[in-house]
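Scroll down for the structure; my scribbles are underneath it.
Numbering (my numbering), first residue to last: 1 to 376.
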């Protein structure tokens, strides 16, 4: 979602400056690729790139194709074969062993619900959604492009072509919470990328000490929305944490009053105040969340659980599984910056359902393949 936010910001600036733009989207990948379907990049007519469609190997040629799309005011699909070591035309000798199909869309700002306006819907509400892009791998085929935004109880269509039956695919992707690529029903020429997009990660940091600052800086680089809650007015200030979206001076029982909690919300308890952390933990075990990280040794967590038990509060196995204490992956971290890194790595691993082990020992593919099938 961070990439999309940056693209929307760059488009807004380009539009204000009277610059034309094109949107490049990875719509399909065969084999291995640095970026997966749904990766996007905005290109302005003066050559400014925002976002990424590869690790850097495709951007040079993609810039030329995007400028051609802007000049001709047409959508174009370009295929790059990164497994061909003999191909020196665009410098693709990286051994990625994949074929990447990229759609370039000219953005007409005068058209209602153009691709950028559809993407803008993602910022209006903290709910998951699907953005559907129709494309064809056949040469000289008309490229429909990004034509549908779908969120539960909300539907916006850019194209009026009623023969493109993509709403069913968008609903399927939203229900399955995964990105899908499908052949269109009764259409031998077109496929649809139904790109499932989650809202930004919401990280709630309980604590505002100096060791929180590197954690805020790291997570802001990832595009996470950061909320800080702390009882000390001298510590919980916007000046100390300019990257945070919200900074509250609150008592523990007030912490959750102004926070939207959903599947993308993660909590870190790092106040160095045992009673404050315990009071917050009492609140968090009553809500649905996927992660509660607690700074401190194992003895601290065990003491907290004993105190809860003495109050008649016994946690289920399910609740215990979402509590991570000591917090962070075992990286040998000692400094506040290193500890912040281990915390971010652990949250990302939990978010992705991974163990956080080295890729060196991974026997299967690094990226989970996008679900590709035909609609029967």
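In this text, a Cβ means the ideal position worked out from N, Cα and C, and glycines have one as well. Since we're looking at a predicted model, the values are computed, not measured.
Beta-carbon spacing of residue i, residue j below 8 Å
i: residue 269; j: residue 295; result: yes
i: residue 158; j: residue 148; result: yes
i: residue 350; j: residue 276; result: no
i: residue 135; j: residue 58; result: no
i: residue 252; j: residue 279; result: yes
i: residue 206; j: residue 174; result: no
i: residue 197; j: residue 41; result: no
i: residue 229; j: residue 250; result: yes
i: residue 69; j: residue 106; result: yes
i: residue 156; j: residue 169; result: no
Best match in the options for proximity to residue i [C-alpha to C-alpha]
i: residue 145; options: 173, 120, 191, 44; result: 191
i: residue 303; options: 318, 325, 286; result: 325
i: residue 56; options: 318, 34, 45; result: 34
i: residue 282; options: 132, 323, 219, 248; result: 323
i: residue 12; options: 27, 29, 44, 112; result: 44
i: residue 121; options: 150, 137, 105; result: 150
i: residue 108; options: 20, 82, 123, 30; result: 20
i: residue 63; options: 72, 46, 74, 73; result: 46
i: residue 52; options: 225, 3, 177, 28; result: 3
i: residue 220; options: 125, 242, 247; result: 242
i: residue 383; options: 231, 263, 225, 363; result: The structure shown does not extend to residue 383, since the chain spans only 1 to 376, so no value can be given for it.
i: residue 139; options: 70, 75, 340; result: 75
i: residue 461; options: 127, 271, 272, 314; result: Nothing in the structure corresponds to residue 461, since the chain is present only between 1 and 376.
i: residue 116; options: 14, 354, 261, 321; result: 14
i: residue 340; options: 101, 293, 238; result: 293
i: residue 364; options: 71, 110, 32; result: 32
i: residue 321; options: 182, 353, 333; result: 353
i: residue 102; options: 36, 240, 328; result: 36
Coil, strand or helix - residue i by DSSP
i: residue 101; result: strand
i: residue 183; result: strand
i: residue 399; result: This structure leaves residue 399 out entirely; the chain is present only between 1 and 376.
i: residue 198; result: coil
i: residue 338; result: helix
i: residue 243; result: coil
i: residue 206; result: strand
i: residue 299; result: helix
i: residue 232; result: coil
i: residue 40; result: strand
i: residue 189; result: coil
i: residue 377; result: Residue 377 falls outside the range modelled here, since the chain spans only 1 to 376, and no answer is possible.
i: residue 154; result: strand
i: residue 34; result: coil
i: residue 423; result: Shown here, the chain extends from 1 to 376; a query on residue 423 therefore has no answer.
i: residue 87; result: At residue 87 the pLDDT is 48, less than 50, meaning the model places this residue with poor confidence; the figure from the coordinates comes in the next sentence. It is coil, neither helix nor strand.
i: residue 292; result: strand
i: residue 78; result: strand
i: residue 51; result: strand
i: residue 2; result: helix
i: residue 70; result: helix
i: residue 323; result: strand
i: residue 282; result: helix
i: residue 7; result: helix
i: residue 250; result: coil
i: residue 410; result: Absent from the model: residue 410. The displayed extent of the chain is 1 to 376, so no value can be given.
i: residue 357; result: coil
Inter-residue spacing [alpha-carbon to alpha-carbon] between residue i and residue j
i: residue 337; j: residue 18; result: 42 Å
i: residue 361; j: residue 204; result: 33 Å
i: residue 244; j: residue 213; result: 10 Å
i: residue 80; j: residue 195; result: 21 Å
i: residue 211; j: residue 8; result: 32 Å
i: residue 98; j: residue 235; result: 50 Å
i: residue 152; j: residue 5; result: 21 Å
i: residue 165; j: residue 185; result: 7 Å
i: residue 95; j: residue 193; result: Per-residue confidence for residue 95 stands at a pLDDT of 48, beneath the threshold of 50, marking its modelled position as unreliable; the derived number appears in the next sentence. Straight-line Cα distance between these residues: approximately 25 Å.
i: residue 65; j: residue 112; result: 25 Å
i: residue 344; j: residue 215; result: 8 Å
i: residue 246; j: residue 200; result: 15 Å
i: residue 257; j: residue 176; result: 31 Å
i: residue 312; j: residue 24; result: 57 Å
i: residue 226; j: residue 187; result: 45 Å
i: residue 137; j: residue 189; result: 8 Å
i: residue 267; j: residue 248; result: 15 Å
i: residue 342; j: residue 355; result: 13 Å
i: residue 90; j: residue 73; result: Unreliable positioning characterises residue 90 in this predicted model, as indicated by a pLDDT of 45, which lies under 50. The coordinate reading is nonetheless provided below. Straight-line Cα distance between these residues: approximately 23 Å.
i: residue 128; j: residue 154; result: 11 Å
i: residue 348; j: residue 298; result: 21 Å
i: residue 309; j: residue 357; result: 34 Å
Residue-chain proximity (residue i, chain B), Cβ-Cβ < 8 Å
i: residue 348; result: The question asks about chain B, but that chain is absent: this structure has only one protein chain.
Residues bridged to residue i (per DSSP)
i: residue 131; result: 149, 195
i: residue 21; result: 44, 107
i: residue 265; result: 202
i: residue 29; result: 100
i: residue 350; result: Paired residue(s): none; residue 350 is not in a bridge.
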